[in-house]
Structure formats: structure tokens, C-alpha cells
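**Student:** Number 160 marks the last residue of the sequence shown (this note's numbering); no jumps. Just so it is clear, CB atoms sit at the ideal spot from N, CA and C, and this is done for glycine as well. These numbers were taken from a predicted model, which means no experiment stands behind them.
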Amino acid sequence: MKTLTWLHTISFSTLFALGTFLIGTMLFLYYILFPSQMVLVMGFLYVVAAFFFNLIILMHLISRLIFAPFERTENTIRILILLSNIPIAFLYFDLIINHN
Numbered sequence: 061m062k063t064l065t066w067l068h069t070i071s072f073s074t075l076f077a078l079g080t081f082l083i084g085t086m087l088f089l090y091y092i093l094f095p096s097q098m099v100l101v102m103g104f105l106y107v108v109a110a111f112f113f114n115l116i117i118l119m120h121l122i123s124r125l126i127f128a129p130f131e132r133t134e135n136t137i138r139i140l141i142l143l144s145n146i147p148i149a150f151l152y153f154d155l156i157i158n159h160n
């Protein structure tokens, strides 16, 4: 059980951002290796769902930024980590468009 103690120090928003990044990257690589319309549809549905859930987490972090000033640095870093998925998603989109 000692090997999972590092999970307790990472916030939910950071783990969620990492998870959405990894799932998005796996879908992207799967499409690059095996191009098909079905993977594009799955990727689009995933992006819509990930956007919705990331937006909820972002709103929560912004509220914590406002109402918990003693955690301002940590919450700002968590927001930046969560928002870092946006340029990556645009890069994947650009690569898929140019791949075709």
C-alpha cells in the first residue's frame, strides 16, 4: 500500500487532467495508426464529454481561487494544469486535419 501514497498528494483536478490527456493521446495515436471514421466519432464524443467535465472542475477551482485565498498558489497551478490540455487538443486536431 505504500506505493500508492503519492496518489494522496496529487489533487483530483490534476489526476483528472492527466487522465483526460492520456485518454485523448491514446485516441489520437489509435487514429494515426488505424485511421477510421469510427475513431473520429469516438474522439469527437470524447472531446465533448471531456470539455464538459473539465469545465465543471475549472469552475470549482475558480470558486476555490476566489473563496480560499490561502490556497491561491496551489489552485492557480491546478487551473494551469487543467488548461494545458487545450493547446494539446488543438495540436492533435491540427495534426489529424493535416494527416488526411
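1. Do the CB positions of Val107 and Ala149 come within less than 8 Å of each other?
2. I need the DSSP call for Phe94, collapsed to helix, strand or coil.
3. Determine the closest residue to Gly103 out of Arg138, Thr80, His120, Ile122, with distance taken between C-alpha atoms.
4. Taking DSSP as the reference, what is the three-state secondary structure of Ile146?
5. What is the DSSP secondary structure of Ser71, reduced to helix, strand or coil?
**Tutor:** Taking the structure as given:
1. Within the sequence shown, numbered from 1, the residue matching residue 107 stands at position 47. Within the sequence shown, numbered from 1, the residue matching residue 149 stands at position 89. In this structure, Ala149 lies closer than 8 Å to Val107 by Cβ.
2. Numbered from 1 along the sequence shown, position 34 holds the residue referred to as residue 94. Note: Phe94 maps to coil in three-state DSSP.
3. The residue given as residue 103 occupies position 43 in the sequence shown. The option with the nearest alpha carbon to Gly103 is Thr80.
4. Position 86 of the sequence shown, counted from the first residue, corresponds to residue 146. In the structure shown, Ile146 sits in a helix (DSSP, three-state: H, G or I).
5. Stepping through the sequence shown from its first residue, residue 71 is reached at position 11. Three-state result, Ser71: coil.
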